[in-house]
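Residue numbers (full-length UniProt numbering): 2 to 450.
Step one of this worksheet: look at the structure below.
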Ligand code: PA5
């Protein structure tokens with residue numbers, strides 16, 4: 002079953018000729034993307050990745066995952082940005098809620114924690130305490146091999162591994178996912194003998210979930226990589242050739258640009274399953290880094306429903322009219338609960354007795370979509386068949402392809418991220434990194450003013 006895009010609720014916001022006009026531009030953008038003739042065309046390795054991946058490495062990823070599943074109670078995945086968001090999103094999406102806390106006979110896999118995605122010492126201390134004396138392995142993921150947050154965390158967990166197992170045995174529990182030839186991490190991996198996996202040169206961090214970056218942690222969770230890749234492959238085959246009218250990625254790219262052209266500034270991605278929270282976090286990086294440049298772009302926001310209807314719902318319904326909404330609808334829940342009859346019926350909810358919670362959830366979703374539409378917030382919808390590997394592979398690829406088309410429609414290079422360097426330069430200068438002395442003087446003066 003394929004993911005569907007549904008724009009039937011935005012008819013009052015978009016005229017037919019507007020869609021007709023953007024169609025030609027979207028076709029040009031797709032051609033530019035597929036033929037590799039646009040800006041950032043040295044970062045298009047993700048387009049054919051679902052078919053054109055390194056089969057030998059793929060087998061090694063599966064073997065490494067099996068080893069970790071056998072010899073470790075815990076896997077620590079160290080990385081930031083594109084080097085961790087996809088794996089975290091996938092594991093939450095594919096596995097039961099509370100994955101790490103579930104009895105291990107329900108989730109037959111190691112606990113998986115993510116580190117190196119902040120600069121909090123307390124977070125690392127708490128994770129060290131949680132691991133305690135248990136057996137663990139580390140997957141350090143960094144394309145550059147020099148990113149501050151993961152590098153600091155790696156020092157901490159490498160020290161714990163070496164203290165527990167000795168240097169030689171520790172090296173067998175460290176898996177490095179990095180550039181194929183360059184960078185500090187590659188040099189260390191080669192010297193110390195860590196098993197290493199490659200982040201291809203032509204795939205940027207935020208497009209890397211279907212490389213070893215995402216695949217190794219996802220495989221450790223016990224998910225079916227073949228089905229994930231098959232889903233991505235099916236979506237690739239479809240969006241590259243399907244006509245505009247029936248093409249979910251082209252439609253999504255077109256509608257979000259129409260709304261942007263009309264002055265909407267924020268796209269809010271909504272879900273009705275807590276397990277999709279981190280899909281939104283992954284999506285925010287993909288869309289924010291790809292389009293937020295040259296003073297342009299939609300701000301990618303997200304919320305979890307119905308939870309946030311009780312907080313942000315007021316703003317969406319009734320506040321500053323700068324939003325449009327894209328709803329992720331998982332059509333078939335992973336499991337469900339039947340609502341019971343209560344003889345006292347003090348809450349007056351006996352009319353729900355016998356109904357499944359998913360039925361209530363879907364009615365909340367439809368009711369909210371209509372209410373927000375009435376509140377002048379257009380609602381797009383992405384219908385996802387189920388929380389399984391095939392759907393997830395489709396979803397990842399759908400969003401990647403759509404952002405390529407959408408970025409070209411916007412007139413930016415969707416594949417670079419010049420803006421993420423600015424804070425790093427300031428941080429290094431303030432911390433006294435050699436070579437940053439002049440900048441340090443300027444910043445310290447500014448801070449003392
Ligand atoms: O998209 C990006 O380039 C960033 O978010 C990176 O993924 C992030 O900074 C991690 O970089 P690296 O993998 O080099 O450690």
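The beta carbon of each residue, even a glycine, is placed where N, CA and C say it ideally should be.
Specify the secondary structure class of residue i as computed by DSSP and reduced to three states.
i           : result
residue 251 : helix
residue 384 : strand
residue 116 : strand
residue 274 : coil
residue 33  : helix
residue 38  : coil
residue 256 : helix
residue 137 : strand
residue 188 : helix
residue 4   : coil
residue 108 : coil
residue 177 : strand
residue 415 : coil
residue 333 : strand
residue 280 : helix
residue 306 : coil
residue 397 : helix
residue 149 : helix
residue 361 : helix
residue 84  : helix
residue 369 : helix
residue 269 : strand
residue 15  : coil
residue 342 : coil
residue 243 : coil
residue 79  : strand
Contact check, residue i vs residue j under 8 Å by CB: the rounded distance?
i           : j           : result
residue 220 : residue 226 : 5 Å
residue 199 : residue 88  : Going by Cβ atoms, the distance from residue 199 to residue 88 rounds to 16 Å, so no, they are not a contact pair.
residue 277 : residue 329 : 6 Å
residue 222 : residue 110 : 5 Å
residue 379 : residue 316 : 16 Å between Cβ atoms; not a contact.
residue 399 : residue 4   : 6 Å
residue 285 : residue 275 : Not quite, the Cβ-Cβ distance comes to about 17 Å (not below 8 Å), so this is no contact.
residue 185 : residue 146 : 4 Å
residue 404 : residue 288 : 6 Å
residue 254 : residue 410 : 6 Å
Ordered along the chain, which non-local residues of its own chain (more than five positions away) have a Cβ less than 7 Å from that of residue i?
i           : result
residue 372 : 318
residue 444 : 427, 430 and 431
residue 232 : 390, 391, 392, 393, 394 and 395
residue 196 : 65 and 176
residue 194 : 172
residue 108 : 96, 97 and 100
Relative to the C-alpha of residue i, which candidate in the options has its C-alpha closest?
i           : options               : result
residue 382 : 208, 349 and 332      : 332
residue 334 : 157, 63 and 98        : 98
residue 229 : 50, 36 and 16         : 50
residue 148 : 116, 126 and 172      : 116
residue 281 : 56, 82 and 90         : 90
residue 192 : 151, 168, 25 and 415  : 168
residue 150 : 173, 81, 267 and 42   : 81
residue 291 : 188, 10 and 417       : 417
residue 165 : 11, 179, 132 and 178  : 132
residue 293 : 157, 303, 367 and 408 : 408
residue 180 : 201, 388, 336 and 269 : 201
residue 365 : 308, 414 and 420      : 308
residue 322 : 374, 183 and 386      : 374
residue 33  : 415, 145 and 2        : 415
residue 385 : 163, 377 and 397      : 397
residue 84  : 283, 158 and 269      : 283
residue 387 : 70, 94 and 112        : 94
residue 264 : 298, 107 and 244      : 298
residue 279 : 303, 288 and 2        : 303
residue 6   : 245, 434, 13 and 448  : 245
By Cβ distance, which residues of its chain are closer than 8 Å to residue i, with the 5 residues on each side in sequence left out?
i           : result
residue 451 : Residue 451 falls outside the range modelled here, since the chain spans only 2 to 450, and no answer is possible.
residue 340 : 350, 353, 354, 355, 356, 357, 358 and 361
residue 425 : 149
residue 343 : 350, 351 and 354
residue 72  : 136, 138 and 174
residue 1   : Residue 1 lies beyond the stretch modelled for the chain, which goes from 2 to 450, so this question has no answer here.
residue 120 : 149, 150 and 153
residue 259 : 15, 19, 20 and 23
residue 224 : 91, 92, 95, 96 and 390
Between which residues of its own chain and residue i is the CB-CB distance below 6 Å, once the five residues before and five after are set aside?
i           : result
residue 402 : 240 and 250
residue 306 : 271 and 273
residue 190 : 177 and 197
residue 155 : 79 and 141
residue 112 : 75 and 101
Are the C-beta of residue i and some C-beta of chain B separated by less than 8 Å?
i           : result
residue 107 : In the structure shown, chain B does not exist; there is a single protein chain.
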